[in-house]
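Protein sequences, first through last, are from chains Y and R. Be aware that the first sequence starts at 1, since it is given in the numbering used here, and climbs by one per residue. Be aware that the second sequence starts at 1, since it is given in the numbering used here, and climbs by one per residue. All C-beta atoms in this analysis are idealised placements derived from N, C-alpha and C, irrespective of residue type, glycine included. Before any comments, here is the structure.
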Amino acid sequence: MPYPTDFKYTKEHEWIKSDGKSASIGITSYAQGSLGDIVFVELPKTGSEITKGKTFGSVESVKAVSDLYAPASGTVTDVNGELNTAPEKINEDAHSAWLMKITLKDPSELNSLLSAADYEKFVAEEGAK
Amino acid sequence: MPAVEATTPTIRKTALNGVHRQMGAKMVEFNGWDMPVEYPSAGGIMAEHNAVRTGVGIFDVSHMGDIRLTGPEALAAVQHISMNDASRLAVGQAQYSALLYPQGTFVDDVIVHRLGDDDYLLVINAGTREKDFNWVRDNTRQFNCKLEDLSDNFTQIAIQGPKGVNLLQKLTDANLSAVKFYWVTRGTVCGLKNVLIARTGYTAEDGFEIYIPADEATSAKVWNEILEAGKEFGVVPCGLGSRNTLRLEGSLSLYGHEISDTINVWEAGLDRFCKMEKLDFIGHAALSKAKADGLKKILVGLEMVERGIARDEYKVLDDGGREIGYVTSGSPAPFLKKNIAMAYVPPEFATVGSTVKVEIRGQGVKAQVVPTPFYRRPRKI
Numbered sequence: 001m002p003y004p005t006d007f008k009y010t011k012e013h014e015w016i017k018s019d020g021k022s023a024s025i026g027i028t029s030y031a032q033g034s035l036g037d038i039v040f041v042e043l044p045k046t047g048s049e050i051t052k053g054k055t056f057g058s059v060e061s062v063k064a065v066s067d068l069y070a071p072a073s074g075t076v077t078d079v080n081g082e083l084n085t086a087p088e089k090i091n092e093d094a095h096s097a098w099l100m101k102i103t104l105k106d107p108s109e110l111n112s113l114l115s116a117a118d119y120e121k122f123v124a125e126e127g128a129k
Numbered sequence: 001m002p003a004v005e006a007t008t009p010t011i012r013k014t015a016l017n018g019v020h021r022q023m024g025a026k027m028v029e030f031n032g033w034d035m036p037v038e039y040p041s042a043g044g045i046m047a048e049h050n051a052v053r054t055g056v057g058i059f060d061v062s063h064m065g066d067i068r069l070t071g072p073e074a075l076a077a078v079q080h081i082s083m084n085d086a087s088r089l090a091v092g093q094a095q096y097s098a099l100l101y102p103q104g105t106f107v108d109d110v111i112v113h114r115l116g117d118d119d120y121l122l123v124i125n126a127g128t129r130e131k132d133f134n135w136v137r138d139n140t141r142q143f144n145c146k147l148e149d150l151s152d153n154f155t156q157i158a159i160q161g162p163k164g165v166n167l168l169q170k171l172t173d174a175n176l177s178a179v180k181f182y183w184v185t186r187g188t189v190c191g192l193k194n195v196l197i198a199r200t201g202y203t204a205e206d207g208f209e210i211y212i213p214a215d216e217a218t219s220a221k222v223w224n225e226i227l228e229a230g231k232e233f234g235v236v237p238c239g240l241g242s243r244n245t246l247r248l249e250g251s252l253s254l255y256g257h258e259i260s261d262t263i264n265v266w267e268a269g270l271d272r273f274c275k276m277e278k279l280d281f282i283g284h285a286a287l288s289k290a291k292a293d294g295l296k297k298i299l300v301g302l303e304m305v306e307r308g309i310a311r312d313e314y315k316v317l318d319d320g321g322r323e324i325g326y327v328t329s330g331s332p333a334p335f336l337k338k339n340i341a342m343a344y345v346p347p348e349f350a351t352v353g354s355t356v357k358v359e360i361r362g363q364g365v366k367a368q369v370v371p372t373p374f375y376r377r378p379r380k381i
């Protein structure tokens, strides 16, 4: 699965795509693959604040519950309501099924995240464990 | 103390381990075994689950244990250590039963097969193999019978689903239509002579479990031949993930969840498999007393009313937020498309239609007590 090079990634398997001011956030293809069939997504309400490195919601597969960690701090401006009824969209295409959009509090926070190449290397090592 | 508890726990593998890995199964540790949880190549847990409900799926269940009792007093021994009435079994018949502690709580649940006049096979859980064998050995010493642990002798493959009979019939000379549910027969399967074929399973669906020699080459050959022969029925390999959701839809107990050494037969609602008129089995006296004393908790089925998924060990609350019980198993139900759970609650909350809450990440989420089993397979006319 190719990881888009204009995204940044976390070691907790979230992706973030930013224009410098606002950003979309999702989970990676690797994450959906290891979770399996996704059946439930819990996200914060529009207007909530999220903080980099802190949990902001959860995603559940048939088998497991997994916390979501914010790749950056900011204010939630939009939540993907489609995932309430069709969470399987994440399995189908994790890199286009965004969870929510935020306005970034500090765009420089993104500098410390992984590039596509680094993330790919990271998951290759995870998978080999 | 049993020697096995002192040894370093090494992860055990079934003879089909290499086949699972080759097929790209996602592997997990389960009760000390390295087992497939799902096969992404087969579409994952939901696809596997629904294949068993509507077609056929196969499972490697070789981690299950097998204890054989033979000899003149084999029946008396089985009667003493198990709660169901094995004297009612004809040769070739099987029954669901349980081994109990004197307190009336569970050592394990078992399937008792009567293979011959004085020949019984107990099929036991993977996580309780050594405990069960030691328990059976220690409590049958007074009987004139021979005890064998056959757990490592068999690769056990479950062929489950409404098309299971059609699939297996292609590979055996045994007349499967003559084998009723919870009966066993023997026949040639994939060229192997005298294979034990039981019409049993853990999926709340029709199906068979076959017991073949545990060597890797034979096991792989049979597994692959079943998959090949099953193509026309859409067979898929299934892992422990769908095995769990299938049994939960059917409200079938899992040791360590619905039943354990702290839960008794009445609480678990397994009354119909416990034959009190048998009088002298281990646990009988305590169960008589427990019935007279009344129950403090009862196993119920829950269906989530509000949005949320109950999971194992989540708390059950009353409307006011007071903790009243706990979830033993909870999951989305892939075929029923509901979020369901089994839970222990006090009797006053156990009536069908009662509403309770399940605490999910700090929030009380509404659920309703519903009849069990959640799923009952359509019977053929």
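Take residue i and list the residues in its own chain whose beta-carbon comes closer than 7 angstroms to its own, dropping the five residues that flank it on each side.
i      : result
A76/R  : F143
D149/R : I67, F133
V180/R : The identity of residue 180/R in the sequence shown is Lys, whereas the question assumes Val. Cβ within range, chain order: R199.
K17/Y  : D6, F7, A23, S24
L104/Y : S18, K21, S22, A23, A72, G74
R389/R : Outside the shown range of chain R (1 to 381) lies residue 389/R, about which nothing can therefore be said.
What is the rounded straight-line gap between the Cα of residue i and the Cα of residue j?
i      : j      : result
E5/R   : D119/R : Residue placement at E5/R is flagged as unreliable, the pLDDT there being 48, under the threshold of 50; a coordinate-derived value is accordingly withheld.
C145/R : V136/R : 12 angstroms
I381/R : Y30/Y  : Here I381/R scores only 47 on pLDDT, less than 50, and its place in the model should not be relied on; the value that follows carries that caveat. Cα-Cα distance, rounded: 47 angstroms.
A70/Y  : T51/Y  : 6 angstroms
S22/Y  : R21/R  : 43 angstroms
A3/R   : R129/R : With a pLDDT of 44 at A3/R, under the threshold of 50, the predicted position of this residue should be treated as unreliable, though the coordinate-derived value follows. Rounded to the nearest angstrom, the two C-alpha atoms are 13 angstroms apart.
I11/R  : M64/R  : 15 angstroms
G53/Y  : A72/Y  : 7 angstroms
F106/R : K89/Y  : 43 angstroms
Q93/R  : I197/R : 11 angstroms
Y119/Y : P2/Y   : 11 angstroms
V112/R : G187/R : 20 angstroms
K63/Y  : E29/R  : 14 angstroms
P378/R : E126/Y : 44 angstroms
T85/Y  : N91/Y  : 14 angstroms
K275/R : A290/R : 15 angstroms
G127/R : I263/R : 17 angstroms
A285/R : P102/R : 8 angstroms
R376/R : R307/R : 24 angstroms
L336/R : E249/R : 8 angstroms
G294/R : F273/R : 19 angstroms
Identify, in the order they occur along the chain, each residue of the same chain with its Cβ nearer than 6 angstroms to the Cβ of residue i, setting aside the five sequence neighbours on each side.
i      : result
M1/R   : In this prediction, M1/R scores a pLDDT of 41, lower than 50, which makes its location untrustworthy; the coordinate-derived value is nonetheless stated afterwards. Around M1/R: no qualifying Cβ.
S219/R : A15, L16, T155
I340/R : E303, A333, F374
Cβ of residue i within 7 angstroms of Cβ of residue j?
i      : j      : result
F233/R : G301/R : no
M100/Y : V76/Y  : yes
I38/Y  : V65/Y  : no
T155/R : A214/R : yes
Y255/R : N125/R : yes
I210/R : V189/R : yes
G230/R : V56/R  : yes
V439/R : L246/R : As shown, chain R starts at 1 and ends at 381. That puts residue 439/R outside it, with no answer to give.
C238/R : F59/R  : yes
F281/R : M83/R  : yes
L68/Y  : G81/Y  : no
A367/R : V352/R : no
L387/R : V110/R : There is no way to answer for residue 387/R, as the model of chain R reaches only from 1 to 381.
Excluding the five sequence neighbours on either side, which residues of its own chain have a C-beta within less than 8 angstroms of the C-beta of residue i, listed in chain order?
i      : result
P72/R  : D118, N144, C145
D312/R : H257, V327, T328, S329, G330
Can you tell which of the options has its C-alpha closest to the C-alpha of residue i?
i      : options                        : result
L113/Y : P2/Y, P4/Y, E82/Y, W15/Y       : W15/Y
A204/R : P162/R, L227/R, G191/R         : P162/R
P87/Y  : V41/Y, K45/Y, K17/Y            : V41/Y
V91/R  : D318/R, Y182/R, A290/R         : Y182/R
I212/R : E228/R, V195/R, K131/R, P346/R : V195/R
D93/Y  : T10/Y, K11/Y, G33/Y            : G33/Y
I298/R : A268/R, L69/R, R114/R          : A268/R
G116/R : I159/R, L227/R, T70/R          : T70/R
N153/R : E216/R, R114/R, R243/R         : E216/R
Taking beta-carbon pairs under 7 angstroms, can you tell me which members of the stretch 306-333 of chain R lie near chain Y?
Of all residues in the stretch 306-333 of chain R, only I309, R311, S331, P332 come within less than 7 angstroms of chain Y when Cβ atoms are compared, listed by chain position.
Contacting positions in the stretch 31-43 of chain Y - beta carbon closer than 9 angstroms to chain R:
Result list: G33, S34, G36, D37, V39, F40, E42.
With 8 angstroms as the limit, tell me which residues of the stretch 356-370 of chain R have their beta carbon closer than that to any beta carbon of chain A; keep them in chain order.
Given the protein chain composition of this structure (Y and R), no chain A is represented.
Between the stretch 235-251 of chain R and chain Y, which residues of the former have a C-beta closer than 9 angstroms to a C-beta of the latter?
Of all residues in the stretch 235-251 of chain R, only G241, S242, N244, T245 place a beta-carbon less than 9 angstroms from a beta-carbon of chain Y.
What residues in the stretch 35-46 of chain R have a beta carbon less than 9 angstroms from any beta carbon of chain Y?
Within the stretch 35-46 of chain R, the qualifying residues are V37, E38, P40, G43, G44, I45, M46.
Check distances from the C-beta atoms of the stretch 71-92 of chain Y to those of chain R and list, in chain order, the residues that come in under 7 angstroms.
Nothing from the stretch 71-92 of chain Y brings a Cβ to less than 7 angstroms from some Cβ of chain R.
Against chain R, which members of the stretch 109-128 of chain Y pass a CB distance test of less than 9 angstroms?
Cβ contacts with chain R come from no residue of the stretch 109-128 of chain Y.
Below 9 angstroms between beta carbons is the criterion; list the residues of the stretch 44-61 of chain Y that meet it against any residue of chain R, in chain order.
So the close ones are S58, E60, S61.
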